[in-house]
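Line by line, the protein sequences are chains X and C. In this note's numbering, each number is its position in the first sequence, counted from 1, plus 4. In this note's numbering, each number is its position in the second sequence, counted from 1, plus 4.
Number of protein chains: 2
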Amino acid sequence: MEFCSLPTNTSGMGQYDQGVGKRSDRIANDIKRWVIENELAAGDKLPNEKQLVDIFQCAKGTMREALKSLEVQGLIAIRTGPSGGPTLIEVSYKRTTELLRNFLQFRDVSVEQIYQMRKIVEVELAVSVVGLLPPEAIDKLENQVGKCCANSIDRSRRHVHLNLRENELSFHDILASYCPNPLLAFNAQFLTELLRNFIDFRFDHISQYETFTQSNIDFHRKLVVAYKKEDQKKIRKLMTAHMEDCEQHTLSLNGTLSKNLMLS
Amino acid sequence: MEFCSLPTNTSGMGQYDQGVGKRSDRIANDIKRWVIENELAAGDKLPNEKQLVDIFQCAKGTMREALKSLEVQGLIAIRTGPSGGPTLIEVSYKRTTELLRNFLQFRDVSVEQIYQMRKIVEVELAVSVVGLLPPEAIDKLENQVGKCCANSIDRSRRHVHLNLRENELSFHDILASYCPNPLLAFNAQFLTELLRNFIDFRFDHISQYETFTQSNIDFHRKLVVAYKKEDQKKIRKLMTAHMEDCEQHTLSLNGTLSKNLMLS
DNA sequence: TAGCTTTATTTATCAGTATAAATATAATTA
DNA sequence: TAATTATATTTATACTGATAAATAAAGCTA
């Protein structure tokens with residue numbers, strides 16, 4: 005979509021206008037409003053920095069702060085060079101989880117609370133994708149379980165354990181990727197991300213870790229079978245038990261939520 | 005907590021250092037890391053703009069972009085004047101919901117999908133706060149139901165309907181405020197916010213709207229009774245039915261999610 | 001002491017310059 | 001001609017200095 009001049013400069017004209025709040029914030033909001041009104045979509049380009057400065061009659065620095073705001077919100081990407089400038093992008097899962105982690109940074113969240121959420125989210129998701137999985141999805145899931153098994157031959161070192169958890173969790177990511185409900189899928193992915201990257205384990209219970217891994221493999225295998233039969237009831241039962249089981253293992257391994265949620 | 009000099013300027017020194025990404029982003033990350041390492045908390049003050057410029061040996065504009073980033077992320081508030089400058093704040097629910105709405109802006113979310121989420125979140129939340137509600141919480145809930153009744157005398161105009169929805173939803177906000185799980189509480193509040201501010205109704209079915217309102221009042225009243233008895237089973241049943249009922253009413257009123265999610 | 005005024009401090013905005021990075025285009029080479 | 005290299009152009013990024021606005025604290029007035 006072509007750029008067709010931003011509408012009347014609602015955020016004030018001339019320097020030091022009377023509007024409320026910071027100029028850069030008002031400009032950022034005006035640009036958002038303009039994007040919505042013109043039904044722009046990801047991939048569409050905004051006017052470049054210089055043009056925006058002309059349109060809004062503001063200083064370069066002010067405009068840069070406005071653009072930085074949109075960038076941090078995950079709404080635009082900025083590139084240099086010819087045909088560069090600010091481009092609208094779909095706010096990514098990644099960016100959104102980063103911002104949501106900021107929220108959790110200053111609050112205490114326990115492993116129990118993560119699983120309280122996960123027990124309802126993963127079960128609902130698992131049940132809801134029944135009938136929506138194309139053959140290649142089943143393949144992917146089966147493949148995933150296979151990787152876990154292959155890796156479990158060597159299980160004596162720390163990084164292997166980490167790798168196993170990675171694999172276990174990607175089973176759930178695959179399921180989430182076939183969930184048509186963005187709210188549900190996002191929550192599921194956010195929770196698996198927390199477990200993947202922000203749980204500090206004590207690695208002094210290797211045997212328990214092995215049990216954990218084996219238990220996961222069993223559940224995933226059974227889930228694949230149930231998905232092949234599209235047996236919704238069975239899937240609900242299995243995923244509920246699976247989450248319960250994961251929670252217990254994580255707790256007995258003394259998993260705690262990291263204090264570095266803010267850092268990517 | 006006092007400011008005690010930021011650590012070695014890891015984001016590079018001198019102009020145009022070789023680090024990856026933008027200088028302002030690296031600085032923002034360094035400040036985050038420093039906050040975590042020094043276990044700063046909401047209320048603590050960061051060095052002011054000029055001091056930060058000295059510490060990071062960067063230009064004022066660059067530092068302002070870094071601070072804007074932190075501000076947009078909801079991590080700091082900036083005030084002018086003496087004893088002003090950037091102050092750490094708890095990332096607020098409000099800010100987080102704004103950022104999450106950006107995420108949904110470019111995806112299609114249906115009323116059914118909102119309720120798919122709400123049916124599991126509100127039920128889990130309702131059940132989990134049993135036994136955690138102090139007497140004043142019950143009072144608040146009862147009060148809330150009372151307001152709905154009072155308002156339902158005059159129900160002929162649009163804004164009254166909006167006001168009723170407002171009241172109905174604040175019943176759920178009260179419940180959420182007593183939920184110790186930030187993940188659960190946040191999700192619940194986010195969903196009620198969507199319903200409160202971002203559902204466009206067609207107001208051509210006044211009678212259905214009345215039925216909706218009355219139905220809500222009934223459910224809320226019954227829920228209060230159940231909370232007084234701390235009857236968890238009853239609460240689960242009631243809330244499940246309540247959400248199901250809400251969904252049906254919303255659907256028959258042709259509620260659709262607004263296209264203006266990005267705007268506050 | 002209550003209310004008002006001044007002053008000092010700090011961010012917010014403006015203006016302009018210089019540098020780096022990315023890309024398109026032209027020139028060169030094989 | 002195809003591929004590579006050099007050049008020019010476009011754009012963001014970064015730096016500097018000056019002015020305006022906001023606010024807290026100190027001082028003044030009644």
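Backbone N, C-alpha and C fix where the C-beta goes; we use that ideal spot for every residue, glycine too.
Item	Value
Please go through the region 83 to 124 of chain C and give each complete alpha helix (DSSP H) segment of 4 or more residues, from N-terminal end onward.	97 to 109
State the DSSP-derived secondary structure class of residue 45 of chain C, mapped to helix, strand or coil.	coil
Quick one: grab the DSSP three-state call for residue 235 of chain X.	coil
Would you report the Cα separation of residue 140 of chain X and residue 178 of chain X, rounded to the nearest angstrom?	11 Å
Would you say the region 21 to 33 of chain C touches the region 67 to 86 of chain C, given that touching needs at least three Cβ pairs under 8 Å?	yes
Could you run through the region 239 to 257 of chain C and flag, in chain order, every residue whose CB is less than 9 Å away from some CB of chain X?	none
Can you tell me whether residue 78 of chain X is buried or exposed? The criterion is at least 16 other CB atoms within 10 Å of its CB, across all chains shown.	buried
Note down the Cα distance separating residue 88 of chain X from residue 49 of chain X, rounded to an integer number of angstroms.	9 Å
On the DSSP bridge list, what partners appear for residue 204 of chain C?	C:260
Please report whether the beta-carbon of residue 40 of chain C lies at a distance below 7 Å from any beta-carbon of chain X.	yes
Which residues in the same chain as residue 189 of chain X place their Cβ atom closer than 6 Å to its Cβ, once the five residues preceding and following it in sequence are excluded?	180 and 183
Is residue 239 of chain X closer than 7 Å to residue 130 of chain X when the C-beta atoms are compared?	yes
Would DSSP call residue 230 of chain C helix, strand or coil?	helix
Run through DSSP, which three-state label would residue 63 of chain X get?	coil
Does at least one heavy atom of the ligand HEM sit under 6 Å from the Cβ of residue 76 of chain C?	Only the bare structure without any ligand can be found here, which leaves the ligand HEM out of the picture.
Going along chain C in order, which residues have a C-beta closer than 9 Å to the C-beta of residue 180 of chain X?	Correct list: empty, because the minimum Cβ distance to chain C is about 14 Å.
Mind pulling the chain C residues with CB within less than 8 Å of residue 46 of chain X?	110
Is the beta carbon of residue 266 of chain C sitting closer than 7 Å to the one on residue 123 of chain C?	no
Taking C-beta to C-beta, are residue 225 of chain C and residue 149 of chain C nearer than 7 Å?	yes
Is any beta-carbon of chain C found at less than 7 Å from that of residue 261 of chain X?	no
Have a look at X:170, X:102 and X:257 and flag the residue whose alpha-carbon is nearest the alpha-carbon of residue 209 of chain X.	X:257
Is residue 173 of chain X closer than 7 Å to residue 196 of chain X when the C-beta atoms are compared?	yes
Assuming residue 255 of chain X and residue 125 of chain X form a contact by the criterion Cβ under 8 Å, report the distance between their Cβ atoms to the nearest whole angstrom.	Contact doesn't hold; Cβ gap of about 19 Å is too wide.
Cα-Cα, which of C:242, C:186, C:95 and C:151 is closest to residue 171 of chain C?	C:151
For residue 217 of chain X, is the classification buried or exposed, using 16 other Cβ atoms within 10 angstroms of its Cβ as the cut-off for buried?	buried
Assign residue 324 of chain X to buried or exposed, taking buried as 16 or more other Cβ atoms, counted over all protein chains shown, within 10 Å of its Cβ.	Coverage of chain X is limited to positions 5 through 268, which leaves residue 324 of chain X absent and any answer about it impossible.
With three or more beta-carbon pairs closer than 8 Å as the criterion, would you say the region 83 to 97 of chain X touches the region 84 to 98 of chain C?	no
Could you name the residues of the same chain whose beta carbon sits closer than 6 Å to that of residue 56 of chain X, not counting the 5 residues immediately before and after it, in chain order?	67
Quick one: residues in its chain with C-beta nearer than 8 Å to the C-beta of residue 127 of chain C, no 5 flanking neighbours on either side, listed in chain order?	240, 243, 244 and 247
Within this structure, are the beta carbons of residue 236 of chain C and residue 133 of chain C separated by less than 7 Å?	no
Below 8 Å on the Cβ atoms is my guess for residue 145 of chain C versus residue 231 of chain C; work out the distance and round it to an integer in Å.	7 Å
Taking the alpha-carbon positions, what's the residue 250 of chain X to residue 215 of chain X distance?	11 Å
Against chain X, with Cβ distances strictly below 7 Å, would residue 86 of chain C count as a contact?	no
Quick check: residue 186 of chain C and residue 105 of chain X, are their CB atoms within less than 7 Å of each other?	no
Using a Cβ-Cβ cut-off of less than 7 Å, give me the residues of the region 64 to 75 of chain X that come near chain C, in sequence order.	65, 68, 69, 72 and 73
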